[in-house]
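Right, one structure below, let's go through it.
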Amino acid sequence: MLALAVFLPMLAHALELRSNRVAAPPVINTYHVSPTGDDARDGSSPATAWRSLDKAAAFAFKPGDKLLLEGGAHFRGSLTFGPGDAGDAANPVVVTTYGAGRATIEASGGPGIRVHNTAGVEIRDLVIVGGGADSRTTGGIELYSDVTDGRRLDHVDISGVEVSGFKNGIQIGAGPRSTGFRGVRIRAADLHGNTENGLISFGPRFDAAAPRYAHEDVVVSEVEVHHNLGDPANHFSNTGSGIALGSVRGGRIERSSAHDNGRSAAAPEGPVGIWTWDSTAVVIERNVSFRNHTAGQKDGGGFDMDQNVSSSILQYNLSYDNDGSGYLLYSGQSNAAHTGNVVRFNISLNDARKLPEYAGIHLAGSVNNAEVYHNTVVMEGKGRAPAAVRLHNFFRGLSNVALRNNLIVSGGTNLLIADKFPTAAVLLQGNNFFAESGTWAVSWAGASYADLESWRAATGQERLGGKARGSSADPRFTTVGRSGSPAQWAEALTPRPDSPLAGRALDIRSLFDVDPGPVDFLGRPIVGAGTVGAIQPAP
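Counting in the numbering used here, the sequence shown runs from -3 upward without gaps.
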């Protein structure tokens, strides 16, 4: 028997060697599927590829494995990743193509790809097409969790996909008592021709008394959603939206476009190009939303922060030619959960084309603690009569809402229509109201005003420290024509250096402790207090 004095140093040395041992890297296997393959083979190379998606769907994929479908080929069926597959965010299972072109999954009877109660999955460079009535009840790519132990399933990355012919192009869901997903990335996707939505997330019913959110850290970037027309058989809820994030904490929609969605369904609630609800800390920035529609009398707008949204930002977006509002902040809930949101440096041009009860910027219902500043709204009229800005009071009503440094332009329409609000609830300061054609008109609490001075005197708006603020000056845009590309439209809405609005904005940082951000709509640095509206004059 070894003496204790000898044994203990040997044991310590052995433990030190074990603690310093580098873990062996995971074994990564690559599997192939080809129409010329054979399911009896091992799938390990193009020469020994499997033939069917059924074979792949029945296989248990370990972290780090890759599944490659032959590029340019079509595969009928679907893929499902369940609790026995993947599961490691650091070593995801990757589903993509090999060879030239993208592979196409032709789904029948369900989703094209389903990820259920697992994560650590990446899906790249595939075309996924729905077929038949059964596909109209599912998502083309469907992430769903009904785990109830509080875990969020970490890491799903979707990029370079085209999805059409389903209920939803991509859907991210969680069950009634479940948490959902974390670290979801959806990039460079084309989502079109789906019945309900291009992309949607959802979770358990929101409880304003104890808010919780199914999903965390969801980022949508460079995604195009279009011609998702809505379900004509749906007479109950919104249908036909582009991108809709629900039950998300910490989300972002950026550099994406939503156009030509909606049109088919006439439900009591309508669709919107890009929007969020029952969510917190969502940033929607540098997107374009245009020509979105509604078949009914609700919504059909460009952007929306809907019920129970908090601490979120709409910034640097362009909205034009939508049936409904350009930018809507709305809550039909009798609670204070819609709070702390910001709308800044956005442009709305000729929105509310179908529904004149909406506006370029529209706030309605139980909206609290909202800051709306440095936006440009142009409503050319052309026989229509929507307001450029509308403030609507119902349920708990607007509370602690401020609109500052916005450039509001009309052509034969109302510049502003508002219900009755005390200045403690709604405050307008430093905005410019300009009628480039027709008459200057503001409607407040049912009374009409034909000039800024009479409206200011009657309502107490556009004052600061007892001094008159706000203006009704010609902004002197760079060009008159507003046609061509969105970039050309933005150029047409840029004030000239000699504009009376240049450098005349209220300094909201020093006056109200509001951070305006570093740049304007075009990414130009804000000089001093800045210029009224979304765009600074060219240097």
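In this text, a Cβ means the ideal position worked out from N, Cα and C, and glycines have one as well.
Fair warning: this is a prediction, and the values are worked out from it, not measured in the lab.
Residue i, DSSP secondary structure in three states
| i | result |
| --- | --- |
| Ile504 | helix |
| Asp50 | helix |
| Asp487 | The residue you asked about is not Asp; residue 487 is Glu in the sequence shown. Note: Glu487 maps to helix in three-state DSSP. |
| Glu449 | helix |
| Ala383 | strand |
| Thr419 | coil |
| Pro207 | coil |
| Pro514 | coil |
| Tyr326 | strand |
| Thr435 | coil |
| Ala333 | coil |
| Thr276 | strand |
| Ala454 | helix |
| Ala538 | Because the chain here runs from -3 to 535, residue 538 falls outside it and cannot be looked at. |
| Tyr140 | strand |
| Pro496 | coil |
| Pro228 | coil |
| Pro537 | Any question about residue 537 goes unanswered here, given that the chain covers just -3 to 535. |
| Ala133 | Here the sequence assigns Thr to residue 133, which means Ala is not the residue at that position. Helix at Thr133. |
| Ala43 | helix |
| Pro521 | strand |
Same chain only: Cβ atoms within 6 angstroms of residue i, ignoring 5 sequence neighbours per side
| i | result |
| --- | --- |
| Val279 | Arg248, Ile309 |
| Ser300 | Before going on, a small fix: residue 300 reads as Asp here, not Ser. Within the same chain, Asp300 has close Cβ partners Val268, Trp271, Leu324. |
| Val438 | Leu411, Leu412, Tyr445, Trp451 |
| Asn402 | Asn371, Asn427 |
| Arg183 | Ser155, Ser217, Glu218 |
| Gly336 | Ser306, Ser307, Asn365 |
| Ala54 | none |
| His222 | His188, His255, Asp256 |
| Thr276 | Arg245, Ser306, Ser307 |
| Gly297 | Val268, Asn318, Gly320, Ser321, Leu324 |
Proximity below 9 angstroms, CB of residue i to CB of residue j
| i | j | result |
| --- | --- | --- |
| Gly67 | Arg47 | no |
| Gly236 | Glu192 | yes |
| Asn396 | Ala366 | yes |
| Gly171 | Ser141 | yes |
| Leu399 | Ile357 | yes |
| Ala96 | Leu75 | no |
| Pro521 | Pro514 | yes |
| Ala214 | Ser252 | Per the sequence shown, residue 214 should be read as Val rather than Ala. Not closer than 9 angstroms, so no. |
| Pro533 | Ala498 | yes |
| Ala333 | Gln303 | yes |
| Asp186 | Glu158 | yes |
| Ala431 | Gly407 | yes |
| Gly266 | Thr290 | yes |
| Arg459 | Pro496 | no |
| Gly194 | Asn164 | yes |
| Tyr312 | Arg282 | yes |
| Arg478 | Val374 | yes |
| Gly146 | Thr134 | no |
| Leu49 | Thr93 | no |
| Ser362 | Arg392 | yes |
| Arg491 | Thr475 | Looking at the sequence shown, residue 491 is not Arg but Pro. No, the pair does not count as a contact, with Cβ atoms beyond the cut-off. |
| Asp61 | Tyr27 | yes |
Other residues of its chain near residue i: CB distance less than 7 angstroms, five sequence neighbours each side excluded
| i | result |
| --- | --- |
| Gly78 | His112, Asn113, Thr114 |
| Leu387 | Leu359, Leu394, Ala414, Asp415, Phe417, Val422 |
| Asp84 | Pro59, Gly116 |
| Leu7 | In this prediction, Leu7 scores a pLDDT of 40, lower than 50, which makes its location untrustworthy; no coordinate-derived value is stated. |
| Phe177 | Ala115, Leu139, Ser141, Arg148, Leu149, Val152, Ile168, His211 |
| Ile119 | Val91, Ile109, Ile137, Ile154, Val157 |
| Asp295 | Asn234, Glu265, Gly266, Pro267, Val268, Gly320 |
Cβ neighbours of residue i in the same chain (closer than 8 angstroms, five flanking residues each side left out)
| i | result |
| --- | --- |
| Ala486 | Leu314, Ile343, Phe517, Leu518, Ile531 |
| Ser243 | Ala170, Gly176, Ser197, Phe198, Gly199, Pro200, Phe202, Tyr209, Ala210, His211, Asp274, Ser275 |
| Arg259 | Leu225, Gly226, Gly236, His289, Thr290, Ala291 |
| Thr100 | Ala69, His70, Phe71, Leu122, Val123, Ile124, Val125 |
| Ala454 | Trp440, Ala443, Tyr445 |
Cβ of residue i within 9 angstroms of any chain C Cβ
| i | result |
| --- | --- |
| Asp516 | Note that chain C does not occur in the displayed structure, where there is just one protein chain. |
Determine, using beta-carbon pairs with one atom in the region 344 to 351 and one in the region 458 to 474, whether at least three such pairs fall under 8 angstroms. no
Segment contact, 8 angstroms Cβ cut-off, at least three pairs: the region 71 to 84 with the region 34 to 44: no
Count Cβ pairs between the region 524 to 532 and the region 381 to 389 that sit closer than 8 angstroms; are there 3 or more? no
Quick one: which unbroken beta strand (DSSP E) runs of 3-plus residues sit fully inside the region 54 to 112? Chain order, please. 62 to 66, 70 to 72, 75 to 77, 89 to 94, 99 to 102, 109 to 112
For a minimum of 3 consecutive residues, which ranges assigned as the beta strand (DSSP E) are wholly contained in the region 159 to 226? 164 to 170, 177 to 183, 186 to 188, 193 to 197, 211 to 217, 220 to 222
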